[in-house]
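Student: If you count by UniProt numbering, then the sequence shown holds residues 1 to 254, one letter each, in order. Note that the Cβ used here is the ideal one computed from N, Cα and C, for glycine as well.
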Amino acid sequence: MLYYQELGSKGKEIVIIHGLFGSSDNWLTIGRALADEYKVYLIDQRNHGKSFHSSEWTYEAMAKDLHEFIEAKNLQNPTLLGHSMGGKTAMYYACNYFPSKIEKLIVADIAPKSYPLHHQHILEGLQAIDLQKLTSRKEAEEILSLYVKEDSTKAFLLKNLYREGEKWAWRINLAVIAEQIANVGEGLHTNLTFDEPTLFVRGEKSHYILDEDFELIRYYFPKAIIETIAEAGHWLHAEKPQAFLEVVKNFLKS
1 MLYYQELGSK GKEIVIIHGL FGSSDNWLTI GRALADEYKV YLIDQRNHGK SFHSSEWTYE
61 AMAKDLHEFI EAKNLQNPTL LGHSMGGKTA MYYACNYFPS KIEKLIVADI APKSYPLHHQ
121 HILEGLQAID LQKLTSRKEA EEILSLYVKE DSTKAFLLKN LYREGEKWAW RINLAVIAEQ
181 IANVGEGLHT NLTFDEPTLF VRGEKSHYIL DEDFELIRYY FPKAIIETIA EAGHWLHAEK
241 PQAFLEVVKN FLKS
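#1: Sort out for me which residues DSSP pairs W170 with in a bridge.
#2: Within this structure, are the beta carbons of V184 and M85 separated by less than 7 Å?
#3: Rounded to a whole number of angstroms, what is the C-alpha to C-alpha distance between A224 and F251?
#4: Tell me which residues share the same chain as E37 and place their Cβ nearer than 7 Å to its Cβ, disregarding the 5 neighbours each side in the sequence.
#5: Please go through the same chain and pick out, in chain order, the residues whose beta-carbon is closer than 7 Å to the beta-carbon of K101, but skip the five residues on each side of it.
#6: So, at 6 Å on beta carbons, what are the nonlocal neighbours of T58 in its own chain, with the 5 sequence-adjacent residues on each side left out?
#7: Can you tell me whether E13 is buried or exposed? The criterion is at least 16 other CB atoms within 10 Å of its CB, across all chains shown.
#8: Going by CA-CA distance only, name the one from H234, I229 and V148 that's closest to A243.
#9: Verify whether the separation of the beta carbon atoms of I43 and L2 is less than 7 Å.
#10: Three or more beta-carbon pairs under 8 Å between the segment 124-137 and the segment 147-163, yes or no?
#11: I need the boundaries of the beta strand (DSSP E) containing S135, first residue and last residue.
#12: So who's on the other strand from T228, going by DSSP bridges?
Right, here's the structure in full:
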């Protein structure tokens, strides 16, 4: 089963699903803020965080993992909240796995469309770090800086680097992610729809959900409402946590 962190002990259940190169740790701030009123589960998707590594890495497989987690924990009508890749996993699950068992769906800054490859420089930077010769985290940062300029992005990526005894290792399954990165950009290919309350939240400065995507969103999710977080980019929950929480809480209580 997937690795998870559990927060809160009362209220309705929310499962939060991180994005590419992320983990459950990235959502602890949001999870703790929601845990006063809800029982929150933060999961690590396969090939990420502390969950298992696998050569199979598709949305079908990740949705199956999510289904098995919900069944194993006997969650009753949970709300799913997914960001980026995690949002695609949540969408796939909502449309394909017994939608009546999900009370609500929240998708953060991703649309059900296909996206072109755009993580090549990140993968090249991570692969340039030779773990067998690496002497320090600072050295890893210096190598990654040749490929990734934003300090916040570098810090986020290097959270995946850890010591395993005397050796360095990646929490992500870097080899499989690099080989199958095209899978992450795939659109939601199904004839099924999700007819329960759905919230899409996008960052004003992000280009992941465009105005022209609204029609496709409402094709798959007829009850979708779409909110925009001012001055936020793709990492809207980290950049504008209070604004993000306000939108999410209002939706949860509606």
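Tutor: Taking the geometry as given:
#1: L161
#2: yes
#3: 11 Å
#4: G11
#5: N77
#6: N183
#7: buried
#8: I229
#9: yes
#10: yes
#11: Reading off the sequence, residue 135 comes out as Thr, not Ser. No beta strand (DSSP E) contains T135, which DSSP labels as neither H nor E.
#12: R202
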